[in-house]
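In UniProt numbering, the protein residues as written are 1 to 711. Even glycine gets a Cβ: it sits at the ideal position worked out from N, Cα and C. Since this is a predicted model, take the numbers as computed values, not measurements. A short worksheet on the structure shown next.
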Amino acid sequence: MFNFFAAAPKGFEYSLASELKDFGATDVKESVAGVYFSAPLELAYRITLWTRLASRIVLVIYKGACESAEQLYNAAYCIDWPSHFSNKKTFSIDFHGTGGFINNTQFGALKIKDAVVDRFRDDGSSRPDVERVNPDFKIDAHFRNGQLTISMNFSGASLHQRGYRSTTGEAPLKENLAANMLVRSGWQANQTSILDPFCGSGTVLIEAALMAADIAPGLKREKFGFENWQSHNKAMWQSVLDEAQARASLGKTRCNIKFYGSDIEAHLVSIAKRNAENAGVADLIEFTVSDALDVSPPASEGFLISNPPYGERLGNVTELLQLYYQLGDKFKKEFGGWKIAMLCSDIELLSSLKLKADKQMKMFNGALECAFNIYTLHAKSTRREAVVLPDGVDLADIAPAFANRIKKNVKQLEKWAKKERIDSYRLYDADLPEYNVAIDKYVDYVVIQEYSAPATIPEAVTKRRISDVLLALPSALGIHPDRVTLKTRERQKGTSQYQKLDERKVEVITEEYGAKFKLNLTGYLDTGLFLDHRVTRKLVGDKSKGKRVLNLFAYTGSASVHAAIGGAKSVTTIDMSNTYINWAKENFALNGLSGAKYEFVQADCLQWIKDNSQQQFDLIFIDPPTFSNSKRMEDSWDVQRDHAEMLSGLIKLLAPNGELVFSNNKRKFKMDIDALNQAGIDVINIDHLCLPLDYKRNPHIHNVWLLTHAK
1 MFNFFAAAPK
11 GFEYSLASEL
21 KDFGATDVKE
31 SVAGVYFSAP
41 LELAYRITLW
51 TRLASRIVLV
61 IYKGACESAE
71 QLYNAAYCID
81 WPSHFSNKKT
91 FSIDFHGTGG
101 FINNTQFGAL
111 KIKDAVVDRF
121 RDDGSSRPDV
131 ERVNPDFKID
141 AHFRNGQLTI
151 SMNFSGASLH
161 QRGYRSTTGE
171 APLKENLAAN
181 MLVRSGWQAN
191 QTSILDPFCG
201 SGTVLIEAAL
211 MAADIAPGLK
221 REKFGFENWQ
231 SHNKAMWQSV
241 LDEAQARASL
251 GKTRCNIKFY
261 GSDIEAHLVS
271 IAKRNAENAG
281 VADLIEFTVS
291 DALDVSPPAS
301 EGFLISNPPY
311 GERLGNVTEL
321 LQLYYQLGDK
331 FKKEFGGWKI
341 AMLCSDIELL
351 SSLKLKADKQ
361 MKMFNGALEC
371 AFNIYTLHAK
381 STRREAVVLP
391 DGVDLADIAP
401 AFANRIKKNV
411 KQLEKWAKKE
421 RIDSYRLYDA
431 DLPEYNVAID
441 KYVDYVVIQE
451 YSAPATIPEA
461 VTKRRISDVL
471 LALPSALGIH
481 PDRVTLKTRE
491 RQKGTSQYQK
501 LDERKVEVIT
511 EEYGAKFKLN
521 LTGYLDTGLF
531 LDHRVTRKLV
541 GDKSKGKRVL
551 NLFAYTGSAS
561 VHAAIGGAKS
571 VTTIDMSNTY
581 INWAKENFAL
591 NGLSGAKYEF
601 VQADCLQWIK
611 DNSQQQFDLI
621 FIDPPTFSNS
631 KRMEDSWDVQ
641 RDHAEMLSGL
651 IKLLAPNGEL
661 VFSNNKRKFK
671 MDIDALNQAG
681 IDVINIDHLC
691 LPLDYKRNPH
701 IHNVWLLTHA
711 K
């Protein structure tokens, strides 16, 4: 009887323990990311060949306490290594775990390596060679909580590598993860028709076919770790192989289960067919090229088990949410009598199915934690009839109050925007507290910015609400989901993954009061145009005719463009970012503005003010950040703390009859009028002149002041 450890991804422990018990293993004990068990050699061979869930089987040689480097060396040295492998074979050591006296795994591996070669030498043999890439014999060591385990890698390369893959699609599903999906869904115990409408390279269906046809998952593997073990029994192993071959031949002829796979990508379907051919189950699986939304149930009942793809392959998060919602709607209407089992790394996508899960589990796809939900569709949809909107998605039950508010706002703002000669404006600004987002319309696109939720609202609730916003908005506006982008400004948890999903480059040209601007709706947190400054920019333009204009903290130069169009004698545009300075130049070119009178300067604005106090300007516009601690600035900047000092210095650059427009977006900002008056500056608040109609719901972030030399 030998002692083993079967390693597997986290979340597999229960399934793996059950599988080992079914094989006949004894002393089965679940651990973290694996299961300990005992078995005689023949059963160990059979488990290694037949396990569908384990990633690796190791033969435990030593287990005990270890508190020093000396104890580590002695534990490894005391093992009779020449009885395990020949000195003519190469070996390697995989060391896992740190803590205590072990600072890194390389140190642990080196100590064991020294002990192994010393043991061979002291036993009168020449030392074996170390080979890291493809060794003949692999030693596996684990150190955790002061306990050391030294084992022999019994199985060899990871057991999920069945040997049938020719190539894969992007982010392939590991074979043992697919097998675990089949086990936990209940399909393995109740084998019936199975469908995967996102089959990719075919892994789920191939693993299912191997199960149904009684084909050992390791039958195609060319190499096992025990083959260079001194105690390896070749005859016994061959007997186990022969038995598996016989079972496979018989199992295929007896298999009467139907397997159906489809994918919208033809090249992936070709890969799936090739992999199925390599696995010997091609004649059992029917693969087709099809959109998942066009797939019909191939039988009156069965299992739909899938790992739908996500990310760029299917578009941005809004498109994904719409897809999942449409899938859920399709399942309700067409898949009565079926069980649905879906694996996804984002629980919010699964929530968008709007199905009630029988079971919810966690599984790990490598380091990625995934949700695995199982649904039973007992009958055809009993959902109430509702209006089907232009994009074909019935969303009557999704955030109706929010959708109605959006429609109301559109009706109010569209005519106003046309009259104002603008095509980008704020459409919604947390009008309903439960949907705490800002929504901006940029020409034919929409950008959603999520506000930070109060700590009193659970994160799951916040995530659900933003998902509902993304689901309802395209239909409410009558636009395609690919024209919706989500940006998260303050929160790092919850929907931060959405930022990563939307990696498209979407650039549009917007117009306001005759000026054109280039916008990047996806590349940056901000789009290149602050919509709340629209009227302020127009004011700058109206005041600019024949004047020398200075724009500080200019961002993408939008106020400078208005000044130039307004007939400014000269325009100086300054920002610390080269990216924004170049963007400002593009905006000037877009409006046909060129010439020596337009100057662009990349500089720290605060330092530039100090260094250029002799220059004179007739009109100055400055919109500094609320706070900055940029490495390119000598000191931090706080607009509340530092504005008076900055403006007192900046007024020196203002011509005697000039005007300075100062703006910022700090909530509850208080202008230090006394300090500015003492510096010889008159101050007038002009918020009422500069707040656009579409921002009147939230006026607190908008502060605009007109400064002049005291009379």
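- Across the set TRP237, LEU16, PHE95, the C-alpha of PHE95 shows the shortest separation from the C-alpha of ARG144.
- Using a C-beta cut-off of 8 Å, the region 1 to 20 makes contact with the region 57 to 77, since at least three inter-stretch Cβ pairs fall below that distance.
- Counting C-beta pairs with one atom in each stretch, the region 174 to 183 and the region 114 to 125 have fewer than three that are closer than 8 Å, which means they do not touch.
- Using a 10 angstroms sphere on the CB of CYS370, the tally of other CB atoms reaches 16 or more, which defines it as buried.
- Using a Cβ distance threshold of 9 Å, LYS597 and GLY566 do not count as a contacting pair.
- Between the region 657 to 668 and the region 699 to 706, the count of Cβ pairs shorter than 8 Å is three or higher; the stretches touch.
- According to DSSP, ILE102 shares a beta bridge with GLY99.
- DSSP, read as helix, strand or coil, puts GLN322 in helix.
- CYS605 sits in a helix when the DSSP states are folded into three classes.
- The beta carbons of LYS362 and PHE372 sit closer together than 9 Å.
- In this structure, DSSP gives PHE137 an extended state, which the three-state scheme calls strand.
- With a 10 Å radius around the Cβ and a threshold of 16 neighbouring Cβ atoms, ALA25 comes out buried.
- When rounded, the separation of the alpha-carbon atoms in SER18 and PHE12 is 10 Å.
- Partner residues in the beta bridge of HIS709, as assigned by DSSP, are ILE681.
- If you compare the alpha carbons of ASN134, ASP129, ALA109, ASP114 with that of ALA141, the shortest gap goes to ALA109.
- From the listed residues HIS84, GLU131, THR98, the smallest Cα separation to ARG119 is found for HIS84.
- Collapsing the DSSP output to three states places ASN87 in coil.
- Only buried fits PHE303, as 16 or more other CB atoms lie within 10 angstroms of its CB.
- The continuous beta strand (DSSP E) containing ASN373 extends over residues 368 to 376.
- Between ARG548 and THR572, the C-beta gap is smaller than 9 Å, which places the two residues in contact.
- Under the three-state reduction of DSSP, LYS419 is assigned to helix.
- Here SER68 is exposed: its Cβ has fewer than 16 other Cβ atoms, across all protein chains shown, within 10 Å.
- With a beta-carbon spacing of about 29 Å, LYS29 and TYR73 fall beyond the 8 Å limit used to define contacts.
- Around the beta carbon of CYS66, 16 or more other beta carbons lie within 10 angstroms, which makes this residue buried.
- Taking 8 Å as the upper bound for CB-CB distance, GLU511 and ASP423 are in contact here, some 6 Å apart.
- Put simply, of LEU321, LEU525, GLU131, PRO692 the residue whose alpha carbon is nearest the alpha carbon of THR90 is GLU131.
- A contact between stretches requires three or more CB pairs, one per stretch, nearer than 8 Å, and the region 576 to 590 fails this requirement with the region 637 to 656.
- Here TRP338 is bridged, per DSSP, to GLY302.
- The continuous alpha helix (DSSP H) containing VAL469 extends over residues 459 to 477.
- Rounded to the nearest angstrom, the gap between the Cα atoms of GLY541 and VAL535 is 10 Å.
- By the 16-neighbour rule on beta-carbons within 10 angstroms, VAL461 is exposed.
- In this structure, DSSP gives ASP27 an extended state, which the three-state scheme calls strand.
- Around the beta carbon of TRP416, fewer than 16 other beta carbons sit within 10 angstroms, so the residue counts as exposed.
- Beta bridge pairing from DSSP links GLN360 with ASN373.
- Judged by DSSP secondary structure, SER648 falls within the alpha helix (DSSP H) whose first and last residues are 639 to 650.
- Here the alpha carbon of LEU531 sits roughly 6 Å from the alpha carbon of TYR425.
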